[in-house]
Amino acid sequence: MKQKFPQSERYHGVVPLWWFAAVFLFQTIFFVPRLIAAEKTVIIFRSQQIAAYNEAILGFEEGCKEKNISIKTIYDLHGDTEEGKRIIQMVRKDGTKPDAILAVGVLAATLAKEHFSDIPVIFCMVINHDRFNLQGANITGISSEASIEDQFAVLKEILGPHKNIGVIYDPLKTRKIVAQANIVAKQFGFNLVKSEVVLEKEVVSALKNITPKIDALWLIPDSTVITKNTLSSIPKIIQDRRVPVFSTSDVMVKAGALVSVSPDYKHTGIQAAQLVQRLLTDPPSTSLGIQQPKKLKLTLNTQTAKTIGINLLFIQSYPDVVLYPQ
Amino acid sequence: MTSIRAKLVLFVSILVVTIGILCCVFLLNHTKRQQEDALKKFGISLIMLLAQDNEVAYALHSAQPAFLDAAINRLRDIDMEEEIGYLRISNTRTVMREEKSQRINVNMEEIPTKKSLLKHHTATRRSQWSRGGIHTGTSTFSFPSALFCERIKTSSGAVFCDFFATVFGKKTFSEEEFAAQILGEDKVSKEESRPVLGFVQMGLSHHKLNERTRKIIWQSIVPMGLGIVFGGICMTFFLATYLVSPLRYMANITLDIARGNLTRTVDIRSRDEIGHLSVNFNEMTRSLKASHDEKEKIMEQLRDHVKSLYNTNKELMETQERLVRSEKLAAVGKLASGVGHELRNPLGAIKNALFLLKKNVPAAHVQSESQKFNTFMEIIEKETERSIKIVNDLLGFSRTAKPTVSAANVRAIIESSLSRVRIPEKIKKIVYAEDSLPSIVVDATQIEQVFINLIQNACEAMPMGGLLTIRAQREGSAALSTTFTDTGCGIPDNVKHMIFDPLFTTKSNGLGLGLALSHSIIQRHEGHIELESQEGKGTTFTVKLPIANTQR
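So the protein sequences, as listed, match chains A and B. One gets this note's numbering by counting positions in the first sequence from 1 and adding 9 to each. One gets this note's numbering by counting positions in the second sequence from 1 and adding 1 to each.
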């Protein structure tokens with residue numbers, strides 16, 4: 010018997026180790042797969058490689074951290090429909106079904122909506138999303154433009170009320186936005202002076218006609234109005250006529266517009282991640298609709314302000330204000 | 002004279018016709034433009050369908066014309082009106098398919114090819130179709146990136162809308178380009194490659210367009226133009242009638258007023274300029290009538306004044322005449338009285354001496370002494386008697402006494418006068434005098450003397466015989482007239498005014514005192530004596546004497 014005691018004493022320090030090992034093994038065998046199984050996967054379709062899209066995806070990745078959401082793959086559709094279709098067909102054939110899809114850009118959003126009706130699709134960075142009928146039980150997203158109320162609030166702060174705000178638009182593309190803006194403008198005490206164009210070449214003459222009647226030009230994202238050609242001609246005309254331009258894109262401000270209210274693209278990605286988490290943890294029975302971007306940034310062109318003669322000093326101290334040129 | 006209505010109708014009709022023609026021309030141009038736009042839109046949809054057809058792209062890519070059949074058939078199915086005149090599909094090297102309509106005669110060699118189009122568009126204005134509209138502008142042409150459209154006319158006269166489109170190998174997503182534009186592409190290195198696989202070219206014939214245009218012209222434009230013209234003319238006619246009829250009505254009223262009917266008024270109650278004109282016109286007519294009435298009143302007064310003046314003048318002249326005559330009578334009476342007194346005594350002495358001479362000389366002695374003596378004695382006696390009578394007449398004339406009046410019957414005076422005058426048998430006398438005639442207040446002796454003078458004068462005026470008519474009758478309520486009418490030689494006109502003057506006589510042995518005396522007597526009785534005579538036919542003396550007051 011004595012001899013047994015020494016043996017047991019000899020293994021006395023090993024038992025806890027064995028115990029610990031057994032428990033670890035048990036934990037590993039039984040819980041880790043469960044944990045792995047509980048992690049949600051998302052694939053990202055990116056329409057093309059542009060900085061804004063990448064920034065949004067970066068925000069999404071950041072937002073997914075600690076939310077038990079993993080990004081499985083990022084597909085780039087290279088801005089080409091056929092290629093996009095081919096990639097999506099390949100993803101479907103792969104058999105791996107993600108829990109959600111993040112579509113960044115209009116091409117990705119429209120193709121994802123077309124090909125995935127059984128997986129929640131969250132889109133972002135889709136300009137004028139109203140035009141593409143991105144609606145359905147499994148599709149939701151975040152608007153890429155600040156709401157008209159937010160834009161007009163900034164405009165009112167800069168210009169004051171009772172101003173004539175001009176807008177040039179293609180009724181086939183942005184009629185809905187302008188109609189909505191017409192209602193909102195009245196709430197803010199603005200008079201919306203509208204000018205319809207159907208061709209790019211009409212933009213310059215429309216701009217020349219409308220500038221004497223307006224106090225500011227509201228440049229909405231309309232692909233007939235904003236083109237490579239007009240981007241070069243619009244700033245020149247408005248600076249000659251000293252009309253402040255209000256836009257939804259900081260690119261316009263860099264081109265010569267006075268001010269823009271646009272979403273923080275990175276935060277849009279974070280907001281998309283929050284939306285994905287909400288969809289996956291508590292799936293709604295109906296569509297969540299389209300959310301407005303929660304964080305906006307104000308881009309001011311100080312050089313244009315100086316040229317036109319508008320004092321923007323009071324607004325420069327606001328948070329999330331980007332000044333150009335820096 | 003052209004009426005206002007005719008002028009208005011003519012002018013407005015010309016205006017309406019001009020407007021109608023201009024409207025038709027405008028509508029025609031608009032319709033043509035619309036039809037051409039519709040044709041171009043149809044053409045662009047067809048050419049875009051063909052250019053974006055995957056089979057076409059594959060056929061061009063693989064240079065297999067056989068793969069074009071399905072796409073072309075699809076195109077022809079859409080073209081139900083068979084407006085496609087020709088079709089040409091080519092890759093970058095050669096023409097792969099060229100078709101033309103069997104119904105339209107067109108020589109494909111006349112249709113500009115890809116190379117000529119490219120060359121053409123490099124240097125000239127181009128029409129670029131995009132989203133249903135045409136871009137026109139001058140720019141340097143690098144490579145066809147969209148659709149071109151131009152009008153082509155062949156040598157056979159056929160007109161086509163020629164569409165030319167490029168078939169690209171890769172389709173880009175323009176909205177993503179726009180997104181890159183909006184969101185910024187400065188950090189993006191993206192190279193779009195759009196390999197050109199070929200070109201599609203299509204011509205749409207204008208013959209259907211012309212047919213449709215002709216149909217619209219005859220079914221819409223011409224009826225509308227005629228409607229405008231005839232409607233406008235009818236409306237103008239009615240409008241002109243409506244405007245002018247009040248003026249015509251007023252013109253008729255004006256004519257009536259000009260003829261003297263100042264009671265006419267214009268009855269137009271419209272509240273416009275014509276209504277105002279009618280009110281003013283009526284006001285003017287009323288003023289005119291008032292002026293006319295006043296003028297008539299003044300004229301009436303003037304006539305009365307003239308008449309009164311005439312009567313006064315006449316009375317004045319008569320009074321003057323009476324005065325002159327009275328003066329003459331007075332002078333003659335004075336002379337007669339003097340002469341009578343001076344001559345009556347010698348004549349009496351002559352008469353006495355003659356009586357004594359005739360008494361003292363025995364008749365037998367006288368007869369025996371000389372027949373001649375007796376004759377001379379008779380002459381002396383006769384002339385002496387005559388001289389005495391003259392002297393007595395003169396004295397009687399000068400001693401005419403103031404009449405002693407009393408009521409007398411004119412018939413009795415006439416009969417008495419007739420009995421005292423010896424009327425020759427060859428003169429027939431007729432007296433018209435009723436017993437019921439009223440009495441006159443006269444001196445019957447003097448009036449009888451007047452009547453005797455008038456009867457003697459009448460008898461002397463009818464030496465060859467004739468008719469003496471005496472008529473007494475009532476002259477109004479206050480006078481009684483007695484006319485003495487003979488059928489004698491009458492009194493010449495040049496002596497009528499002197500017939501009542503004293504010492505004026507047309508007789509060889511008259512003294513010229515009878516009618517003057519008669520006139521004087523009648524005047525003293527406040528009566529009148531008037532003469533009517535026609536030389537060769539006879540004379541009428543009318544004596545008017547006042548009736549007694551109790552007889553009136």
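Glycine residues also receive a C-beta, built at the ideal position from the N, C-alpha and C atoms. Note that the coordinates shown come from a computational prediction; the quantities given were computed from them, not determined experimentally.
Exercise. Roughly how many whole angstroms lie between the Cα atoms of B/Lys33 and B/Thr214?
Worked result: Taking the straight line joining both Cα atoms gives about 6 Å.
Exercise. Taking the C-alpha atoms as reference points, what is the distance between B/Gln450 and B/Phe377?
Worked result: Roughly 34 Å separates the two Cα atoms.
Exercise. Under a CB-based cut-off of 9 Å, is A/Gln248 close to chain B?
Worked result: Not one chain B Cβ lies under 9 Å of A/Gln248.
Problem set entry | For B/Tyr243 and B/Val267, the rounded distance between their alpha carbons | If I take the Cα positions, the gap works out to 16 Å.
Exercise. Along chain A, which residues have their Cβ under 9 Å away from the Cβ of B/Glu1?
Worked result: Nothing can be reported for residue 1 of chain B: it is not among the residues displayed for chain B, which extend from 2 to 553.
Problem set entry | Classification of A/Lys275 by the beta-carbon crowding that lies within 10 angstroms, buried from 16 upward | When all chains shown are included, A/Lys275 counts as buried.
Problem set entry | Under 8 Å by beta carbon: chain A residues contacting B/Phe149 | Neighbours of B/Phe149 on chain A: none; closest Cβ ~16 Å, over 8 Å.
Exercise. Using the beta-carbon count (16 or more within 10 Å), is A/Arg101 buried or exposed?
Worked result: By the C-beta density criterion, A/Arg101 is exposed, having fewer than 16 other C-beta atoms within 10 angstroms.
For this session: Could you round the C-beta distance between B/Val57 and B/Ile22 to whole angstroms and report it? I think they count as a contact, below 8 Å.
Result: With 8 Å as the limit, B/Val57 and B/Ile22 do not qualify as a contact, their Cβ atoms being about 49 Å apart.
Problem set entry | Given B/Asn458 as reference, the closest of B/Pro439, B/Tyr311, B/Leu419 once Cα atoms are compared | Among B/Pro439, B/Tyr311, B/Leu419, the Cα nearest to that of B/Asn458 is on B/Leu419.
Problem set entry | Inter-stretch contact at 8 Å, needing at least 3 Cβ pairs: the segment 193-208 of chain A / the segment 170-182 of chain A | Contact holds: three or more Cβ-Cβ distances are below 8 Å.
Exercise. Is it right to say B/Leu87 is buried, meaning 16 or more other beta carbons lie within 10 angstroms of its own, or is it exposed?
Worked result: A quick correction: the sequence has Tyr, not Leu, at residue 87 of chain B. Buried: at least 16 other Cβ atoms inside 10 Å.
Exercise. Shortest alpha-carbon distance to A/Asn173 belongs to which of A/Lys195, A/Ser156, A/Asp329?
Worked result: Nearest option by C-alpha distance: A/Lys195.
Exercise. Mind checking whether the beta-carbon of A/Leu289 lies closer than 8 Å to any heavy atom of the ligand ZN?
Worked result: Absence of the ligand ZN from the depicted structure is noted, as is the absence of any ligand whatsoever, leaving it without description.
Exercise. Whose C-beta lies closer than 8 Å to the C-beta of A/Ser156 among residues of the same chain, with five residues either side of it excluded?
Worked result: The beta carbon of A/Ser156 sits closer than 8 Å to the beta carbons of Gln301 from its chain, once the five residues preceding and following it are set aside; these are given in chain order.
Problem set entry | Contact under 9 Å by Cβ, B/Leu532 with B/Phe501 | Closer than 9 Å, so yes.
Exercise. Can a CB atom of chain B be found closer than 9 Å to the CB of A/Leu332?
Worked result: It does not; no Cβ of chain B falls within 9 Å.
Exercise. Using a C-beta cutoff of 9 Å, does B/Gln220 count as contacting chain A?
Worked result: Nearest CB-CB separation between B/Gln220 and chain A: not below the 9 Å threshold.
For this session: Compare the beta carbon distance of B/Glu111 and B/Thr155 with 9 Å and say whether it is the shorter of the two.
Result: For B/Glu111 and B/Thr155, yes; Cβs fall inside 9 Å.
Problem set entry | Cα-Cα separation, A/Leu143 to B/Met236 | Their Cα atoms are separated by approximately 60 Å.
Exercise. How would you label A/Asn137, buried or exposed, when you count the other beta carbons within 10 angstroms and need 16 or more for buried?
Worked result: Under this definition A/Asn137 is a buried residue.
Exercise. Once you ignore the five residues that flank B/Ser417 on each side, which residues in its own chain have a CB closer than 6 Å to its CB?
Worked result: Close CB contacts of B/Ser417 within its chain, under the 6 Å cut and outside five residues either way in sequence, are with Glu449 (chain order).
Exercise. What's the call for A/Leu44, buried or exposed, on a 16-neighbour Cβ count within 10 Å?
Worked result: In this prediction, A/Leu44 scores a pLDDT of 49, lower than 50, which makes its location untrustworthy; the coordinate-derived value is nonetheless stated afterwards. With fewer than 16 Cβ atoms within 10 Å of its Cβ, A/Leu44 is classed as exposed.
Exercise. Among the residues of its own chain, which have a CB less than 7 Å from the CB of A/Gln58, if the five just before and after it don't count?
Worked result: The beta carbon of A/Gln58 is closer than 7 Å to those of Asp85 in its chain, skipping five residues each way along the sequence.
For this session: Just mark B/Ser190 as buried or exposed, buried being the case when its beta carbon has 16 or more other beta carbons within 10 Å.
Result: With a pLDDT of only 41 at B/Ser190, under 50, the local geometry of the prediction cannot be trusted, and no value is derived from it.
Exercise. Is the shortest distance between the beta-carbon of B/Leu555 and the beta-carbons of chain A less than 9 Å?
Worked result: Residue 555 of chain B lies beyond the range of chain B shown here (2 to 553); nothing can be said about it.
Problem set entry | chain B contact residues for A/Ser258, given Cβ-Cβ distances below 8 Å | Per Cβ cutoff of 8 Å: Ile183, Leu184, Gly185.
Exercise. Between which two residues does the beta strand (DSSP E) containing B/Gly467 stretch?
Worked result: Membership of B/Gly467 in the beta strand (DSSP E) is indicated by the continuous run 467-476.
Exercise. How would you call A/Ala121, buried or exposed, if buried means at least 16 neighbouring beta carbons within 10 angstroms?
Worked result: Buried: at least 16 other Cβ atoms inside 10 Å.
Exercise. Which residues of chain B have a Cβ atom closer than 7 Å to the Cβ of A/Val115, listed in chain order?
Worked result: Near A/Val115 (Cβ distances below 7 Å), the residues of chain B are Glu176, Glu177, Ala180.
Problem set entry | For A/Thr178, the residue or residues it bridges with in DSSP | Sequence check: residue 178 of chain A is Tyr here, not Thr. Note: A/Tyr178 sits in a beta bridge opposite A/Glu205.
For this session: Output, in chain order, the set of chain B residues within a Cβ distance shorter than 7 Å of A/Pro230.
Result: Ile183, listed in chain order.
For this session: Could you name the residues that DSSP lists as bridge partners for B/Phe485?
Result: As computed with DSSP, B/Phe485 is found in a beta bridge with B/Ile471, B/Phe542.
Exercise. Got a sec: is the Cβ-Cβ distance from A/Ile59 to anything in chain B below 9 Å?
Worked result: It does: the Cβ of A/Ile59 has a partner Cβ on chain B nearer than 9 Å.
Exercise. If contact means a Cβ-Cβ distance below 9 Å, which residues of the segment 52-84 of chain A contact chain B?
Worked result: Listed in chain order, the positions of the segment 52-84 of chain A with a beta carbon within less than 9 Å of a beta carbon of chain B are Ser56, Gln57, Gln58, Ile59, Ala60, Ala61, Tyr62, Asn63.
Problem set entry | Paired residues, beta bridge with A/Gln300 - DSSP | In DSSP, A/Gln300 forms a bridge with A/Ile151.
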